[in-house]
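First residue of the sequence shown? That's 415 in this note's numbering, and the numbers climb one at a time after it. Backbone N, C-alpha and C define an ideal beta-carbon position, used for all residues, glycine too. What follows is a set of notes on a single structure, which appears directly below.
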Amino acid sequence: MELSHRQEQIINIVKDNGPITGENIADRLNLTRATLRPDLAILTMAGFLDARPRVGYFYTGKTGSELLSDQLKKLKVREHHSVPVVVNDKVSVYDAITTMFLEDVGTLFVVNESSLLVGVLSRKDLLRASMGNQDLSDIPVHIIMTRVPKIKICHKEDLLLDAANKLIENQIDALPVVIDREDGQEVVGRLTKTNVTKAFVDLVRDENV
């Protein structure tokens, strides 16, 4: 976050004199309290300052990069996942390849008749299956997919940073976002490396507005 000259002055005043009331800060800058109120609100919401009723403003002691890190650690999967692309476990490898091409995704989630997650198909899985002289229309995807419980998953309330670590550590392109049911897990979203990258870029861009 890029601060204005006045906001930097406010931070320095609070650093040297905190706790200090908004009225006292305004007096030191020869401004009215009403003029100063938006700056104090921005600095408090951004985390540079903390405020306590009837006491005043405190400096939190955090740098811009530390505040950015704090914001990063608050991001949740539910705010950034995409719509999942699923196929039934009975469809053929040929149909799965067609779906992957048409939907322009790198991972398909495989579900059973109850719409519960049973497997995952990657580009590599489909590429391996297409080698040789086999008729891809005769091979069901459940033959080649990676099966539960070997699949890495995430939930809507998981931290985005934790999900990103799963993607990196397991060298995969996407995670199914699931809801736990008594009979299994229902796929409600997909979290990809692109989702994560966009979230991090948007966060940095917002901080620099």
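Could you have a look at residue i and say whether DSSP puts it in helix, strand or coil?
i: S529; result: coil
i: I434; result: strand
i: K429; result: helix
i: Q421; result: helix
i: Q599; result: strand
i: N502; result: strand
i: K538; result: helix
i: K564; result: coil
i: I553; result: coil
Whole angstroms is fine: what's the gap from residue i's alpha carbon to residue j's?
i: N431; j: Q485; result: 27 angstroms
i: S528; j: A448; result: 59 angstroms
i: N526; j: D597; result: 12 angstroms
i: V507; j: I565; result: 19 angstroms
i: E600; j: L540; result: 23 angstroms
i: E422; j: I434; result: 16 angstroms
i: D518; j: V505; result: 18 angstroms
i: L516; j: L450; result: 54 angstroms
i: E583; j: L530; result: 25 angstroms
i: T611; j: R604; result: 14 angstroms
i: L522; j: L617; result: 28 angstroms
i: D635; j: K580; result: The structure shown does not extend to residue 635, since the chain is modelled only from 415 to 623, so the question has no answer here.
i: N502; j: T608; result: 25 angstroms
By Cβ distance below 8 angstroms, which residues in the same chain neighbour residue i in space, the five residues on each side in sequence not counted?
i: T446; result: A440
i: N426; result: none
i: L575; result: L486, K487, L489
i: D453; result: S418, R420, Q421, I424
i: R542; result: I558
Where do the N-terminal and C-terminal ends of the alpha helix (DSSP H) with residue i fall, by residue?
i: I582; result: 574-583
i: D453; result: 447-460
i: L516; result: 507-517
Among the residues of its own chain, which have a CB less than 6 angstroms from the CB of residue i, if the five just before and after it don't count?
i: R561; result: G533
i: A578; result: V610
Could you please give the first and the last residue of the uninterrupted beta strand (DSSP E) stretch that includes residue i?
i: L463; result: 463-466
i: G470; result: 470-473
Under 7 angstroms Cβ to Cβ from residue i, same chain only, skipping five residues before and after it: list those, please.
i: A510; result: V501, L522, L535, L540, V555
Is the number of C-beta pairs between the segment 548-561 and the segment 459-468 that are closer than 8 angstroms three or more? no
Practice prompt. Take every Cβ of the segment 444-459, pair it with every Cβ of the segment 491-507, and state whether three or more of those distances are shorter than 8 angstroms.
Written response: no
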